[in-house]
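Have a look at the structure below, then the notes.
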Amino acid sequence: MRKKVKTDDEMEISAPGWMVTYGDMMTLLLCFFVLLYSFSTIDVARFKDVMNALKARLGVLDGGRTFNPSYVIDRGLQNDNISASYYDNREFKELISKLEEYIKEANLQANVRLAEEERGLVIRLTGKILFDLGKADLKPDGMKTLAQIAKFLEDIPNSIMIEGHTDNWPIHNEEFPNNWVLSAIRATNVIAYFMEKTNIDPKRLSVAAYGEYRPLKPNTTPENRALNRRVDIVVLRTRLDEKRIAGEGYDE
1 MRKKVKTDDE MEISAPGWMV TYGDMMTLLL CFFVLLYSFS TIDVARFKDV
51 MNALKARLGV LDGGRTFNPS YVIDRGLQND NISASYYDNR EFKELISKLE
101 EYIKEANLQA NVRLAEEERG LVIRLTGKIL FDLGKADLKP DGMKTLAQIA
151 KFLEDIPNSI MIEGHTDNWP IHNEEFPNNW VLSAIRATNV IAYFMEKTNI
201 DPKRLSVAAY GEYRPLKPNT TPENRALNRR VDIVVLRTRL DEKRIAGEGY
251 DE
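Per full-length UniProt numbering, residue 1 is the first one in the sequence shown, and the count goes up by one each step.
Here is the structure:
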């Protein structure tokens with residue numbers, strides 16, 4: 001018996017087989033990008049807290065003068081004309097020796113420590129010399145110490161990172177919503193002092209804040225907390241726009 005052939009009207013209309021695979025792939029891609037978007041969603045409330053705190057605290061110099069934030073946030077990344085840095089390890093060792101001698105001559109040993117790291121030379125200032133507990137205004141003795149350190153920094157070409165750190169003692173008020181904001185404003189005030197009161201080229205300066213998250217010691221004693229409350233002035237081995245190496249803290 002001869003098989004009946006379907007006419008065009010009787011034939012079912014269907015998509016090619018590859019469309020099923022294509023549709024599955026597009027669905028998976030959509031899910032992937034939705035997932036990425038969910039990871040990048042900003043905590044609006046926290047962002048507003050940080051911005052309000054910064055706006056309220058930037059007028060920290062004489063007369064309450066504020067400054068252009070673009071000079072503070074990673075200015076080193078925008079500079080292509082910085083003089084050659086101390087690439088040679090021998091020269092960098094000589095730099096460290098000179099700074100150690102300078103700190104002794106200036107009688108700064110009580111509040112200033114030096115540490116050599118892969119990223120560069122860390123000039124570590126204890127928080128008590130710079131700020132009162134829970135505050136971000138520079139103390140007179142702190143300004144004097146910064147002025148002495150600046151005399152040395154003015155004569156070298158390296159980029160400089162100013163890093164703010166706190167202990168893990170919780171803080172939450174209208175001025176400082178959390179320790180991260182406190183460390184950010186402290187570091188900003190140090191860099192503002194360098195910009196306003198010294199001859200350090202602002203193009204060499206950048207700022208970072210880590211709050212309580214990179215302690216030197218576990219926050220288990222008052223002495224350790226005092227060590228963790230600090231500002232680190234990092235003299236980078238290479239130019240900031242060529243290589244950025246972030247220092248790691250004590251792993252609690």
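Ideal Cβ placement from N, Cα and C applies to all residues, glycine included. What you are looking at is a predicted structure, and each value in this text was computed from that prediction instead of being measured.
> With 16 as the cutoff for other CB atoms within 10 Å, does Tyr193 come out buried or exposed?
Replying inline: buried
>> Using the three-state DSSP reduction, which class does Glu175 fall into: helix, strand or coil?
In response: coil
> Who does Gly164 pair with in a DSSP beta bridge?
Replying inline: Ala209 and Val231
> What residues match up with Gly120 in a beta bridge as DSSP calls it?
Replying inline: Glu117 and Leu236
> For Gly134, which residues from the same chain have a beta carbon less than 8 Å from its beta carbon, with the 5 sequence-adjacent residues on both sides left out?
Replying inline: Ile171, Phe176 and Leu182
>> For the alpha helix (DSSP H) containing Leu130, name the first residue and the last one.
In response: Gly127 to Leu130
>> Determine whether the beta carbon atoms of Val190 and Leu146 lie at a separation below 8 Å.
In response: yes
>> Between which two residues does the alpha helix (DSSP H) holding Leu109 run?
In response: Before going further, note that residue 109 is Gln rather than Leu in the sequence given. No alpha helix (DSSP H) holds Gln109; DSSP gives it neither H nor E.
> Distance, Cα to Cα, Leu130 vs Leu138?
Replying inline: 5 Å
> Can the beta-carbon of Ile233 be found less than 8 Å from the beta-carbon of Ile123?
Replying inline: yes
> What first and last residue would you give for the alpha helix (DSSP H) that runs through Leu133?
Replying inline: Per DSSP, Leu133 belongs to no alpha helix (DSSP H) and is neither H nor E.
>> By the three-class DSSP mapping on this structure, what secondary structure does Leu146 have?
In response: helix
> Looking only at C-alpha atoms, which of Leu236, Gly211, Arg237 and Ala150 sits nearest to Arg225?
Replying inline: Gly211
>> Suppose you measure from the CA of Met143 to the CA of Ile103; what does that come to, to the nearest Å?
In response: 15 Å
> Which of helix, strand or coil does DSSP assign to Gly64?
Replying inline: Confidence in Gly64 is poor, its pLDDT being 41 and thus under 50, which makes the residue's placement unreliable; the coordinate value appears in the next sentence. Looking at Gly64 - three-state DSSP - the assignment turns out to be helix.
> How would you call Arg229, buried or exposed, if buried means at least 16 neighbouring beta carbons within 10 angstroms?
Replying inline: buried
> Among the residues of its own chain, which have a CB less than 8 Å from the CB of Asn89, if the five just before and after it don't count?
Replying inline: none
> Leu205 and Ile160 look like a contact to me (Cβ under 8 Å); what is the Cβ gap, rounded to whole Å?
Replying inline: 6 Å
> To the nearest angstrom, how far is it from the Cα of Arg237 to the Cα of Val20?
Replying inline: 56 Å
>> Helix, strand or coil for Asp141? Go by DSSP, reduced to three states.
In response: helix
>> Quick check: Ile162 and Ala184, are their CB atoms within less than 8 Å of each other?
In response: no
> Which same chain residues, not among the five before or five after Ala136, have their C-beta less than 7 Å away from its C-beta?
Replying inline: Arg57, Leu182, Ile185, Arg186 and Asn189
> Using the rule of at least 16 other Cβ atoms within 10 Å of the residue's Cβ for burial, across every protein chain shown, is Pro215 buried or exposed?
Replying inline: buried
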